[in-house]
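> Pasting in a structure now, in structure tokens, and then I'll have a few things to ask.
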Amino acid sequence: MDLANKSEEFLNVSPTGKVPVVVANGDSLYESNVVNQYLDEVFESPKLLPEDPKQRAYARIWMASADDNLYPAVFIASVGRERGFSEAQIAEALEKLKTTLAALEERLGDRREYLAGEFSLADVAHAGNFVRLRELAEEGEIGLADYPNVVAWMESIEARESFKAAG
Ligand SMILES: N[C@@H](CCC(=O)N[C@@H](CS)C(=O)NCC(=O)O)C(=O)O
Numbered sequence: 091m092d093l094a095n096k097s098e099e100f101l102n103v104s105p106t107g108k109v110p111v112v113v114a115n116g117d118s119l120y121e122s123n124v125v126n127q128y129l130d131e132v133f134e135s136p137k138l139l140p141e142d143p144k145q146r147a148y149a150r151i152w153m154a155s156a157d158d159n160l161y162p163a164v165f166i167a168s169v170g171r172e173r174g175f176s177e178a179q180i181a182e183a184l185e186k187l188k189t190t191l192a193a194l195e196e197r198l199g200d201r202r203e204y205l206a207g208e209f210s211l212a213d214v215a216h217a218g219n220f221v222r223l224r225e226l227a228e229e230g231e232i233g234l235a236d237y238p239n240v241v242a243w244m245e246s247i248e249a250r251e252s253f254k255a256a257g
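The opening residue of the sequence shown carries number 91 in the working numbering; numbering runs sequentially from there.
And the structure:
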């Protein structure tokens with residue numbers, strides 16, 4: 091999908107003009123966390139939301155955090171300049187990114203391997219940002235060494251076949 095050159099076919103099915111969008115029997119579904127929950131509900135396995143209601147609530151809390159915190163911070167820190175964001179906004183995004191990584195670091199402490207029980211949509215919601223996050227670290231914009239739990243969690247997700255297949 092060339093997002094700089096959106097086809098009419100794509101614009102006809104994506105009401106926001108954004109990806110992802112899934113067309114299910116003619117109806118467009120969008121917002122990645124919503125699409126992921128829909129897919130989790132219609133497919134038998136693997137189930138990617140915890141059974142336990144409280145763990146499920148935590149999975150959703152972290153899915154919301156990926157939308158509200160990690161995604162915008164990584165996006166503006168990575169491509170903010172070419173998308174017309176000011177230097178102040180980019181600096182603010184980098185600060186937000188550090189706060190977000192610190193919150194993830196704390197959550198993943200105490201030998202917690204994933205954000206909410208087993209591997210879940212909470213982890214999936216974050217993983218789409220990993221490539222850009224790695225690039226920001228390589229460019230010296232952030233120091234991932236300050237967040238060892240986050241790095242271990244990223245490595246474990248990056249090693250999954252599903253992550254590699256999406257790359
Ligand atoms: N909150 C939305 C964000 C979707 C989004 O911003 N997608 C970006 C790519 S990561 C996009 O399609 N951008 C194209 C554009 O804004 O023109 C979601 O999670 O689905």
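The C-beta atom is built at its ideal place from N, Cα and C for all residues, glycine as well. Only a predicted model underlies this, so the values are computations on that prediction, with no experimental measurement involved.
Can you round the beta-carbon distance between residue 168 and residue 222 to whole angstroms, since I take them to be within the 8 Å contact cut?
Here the question's residue 168 lines up with position 78 in the sequence shown. Here the question's residue 222 lines up with position 132 in the sequence shown. In this structure residue 168 touches residue 222 by the C-beta definition: roughly 5 Å separates them, less than 8 Å.
> At a cut-off of 7 Å, is residue 194 close to ligand 1 when judged by its beta-carbon and the heavy atoms of the ligand?
Here residue 194 corresponds to residue number 104 of the sequence shown, with the count starting at 1. Incorrect: residue 194 has no Cβ contact closer than 7 Å to ligand 1.
> When the distance is taken between beta carbons, is residue 231 closer than 8 Å to residue 184?
As a working note, residue 184 is residue 94 in the sequence shown. As a working note, residue 231 is residue 141 in the sequence shown. Against a cut-off of 8 Å, the Cβ pair of residue 231 and residue 184 comes out as a contact.
> Tell me which same chain residues have a C-beta within less than 6 Å of the C-beta of residue 145, skipping the five on either side of it?
As a working note, residue 145 is residue 55 in the sequence shown. Only 206, 207 meet the Cβ criterion.
> If you pair each beta-carbon of the region 120-137 with each one of the region 210-222, do three or more pairs fall below 8 Å?
yes
> Per the DSSP calculation, residue 112 is bridged to which residue(s)?
In the sequence shown, counting from the first residue as 1, residue 112 sits at position 22. Paired residue(s): 119.
> Between the C-alpha atoms of residue 65 and residue 117, what's the straight-line distance to the nearest angstrom?
No answer is possible for residue 65: the residues shown for the chain start at 91 and end at 257.
> Short of 8 Å in beta carbon distance, which residues of its chain neighbour residue 162, apart from the five on each side in sequence? Order them along the chain.
Residue numbering aside, residue 162 sits at position 72 when the sequence shown is read from its first letter. Same-chain partners within the cutoff: 183, 186.
> If you draw a straight line from the alpha carbon of residue 237 to that of residue 115, how long is it in whole angstroms?
Translated into the one-based positions of the sequence shown, residue 237 becomes position 147. Translated into the one-based positions of the sequence shown, residue 115 becomes position 25. About 43 Å.
> Would you say the beta carbon of residue 199 comes nearer than 7 Å to a heavy atom of ligand 1?
By 1-based counting over the sequence shown, the position of residue 199 is 109. No, the beta carbon of residue 199 sits no closer than 7 Å to any heavy atom of ligand 1.
> Hey, how far is the Cα of residue 233 from the Cα of residue 227?
The residue you call residue 233 lines up with position 143 of the sequence shown. The residue you call residue 227 lines up with position 137 of the sequence shown. Distance between the alpha carbons of residue 233 and residue 227: 6 Å.
> Which term fits residue 91, buried or exposed, when burial requires 16 or more other beta carbons within 10 angstroms of its beta carbon?
If you number the sequence shown from 1, residue 91 lands on position 1. Exposed, since its Cβ has fewer than 16 Cβ neighbours within 10 Å.
> For the alpha helix (DSSP H) containing residue 91, name the first residue and the last one.
Working through the sequence shown from its first residue, we reach residue 91 at position 1. From DSSP, residue 91 is part of no alpha helix (DSSP H); its letter is neither H nor E.
> Can the beta-carbon of residue 240 be found closer than 8 Å to that of residue 191?
In the sequence shown, residue 240 corresponds to position 150, counting from 1. In the sequence shown, residue 191 corresponds to position 101, counting from 1. Against a cut-off of 8 Å, the Cβ pair of residue 191 and residue 240 comes out as a contact.
> Which residues have their C-beta within less than 5 Å of a heavy atom of ligand 1, listed in chain order?
93, 108, 109, 121, 122
> By a C-beta neighbour count over all protein chains shown, 10 Å radius and 16 as the cutoff for buried, is residue 140 buried or exposed?
Within the sequence shown, residue 140 is the residue found at index 50, counting from 1. Per the 10 Å Cβ criterion, buried.
> Enumerated in chain order, which unbroken segments of the alpha helix (DSSP H) with a length of 4 residues or greater are wholly contained in the region 184-234?
211-217, 220-228
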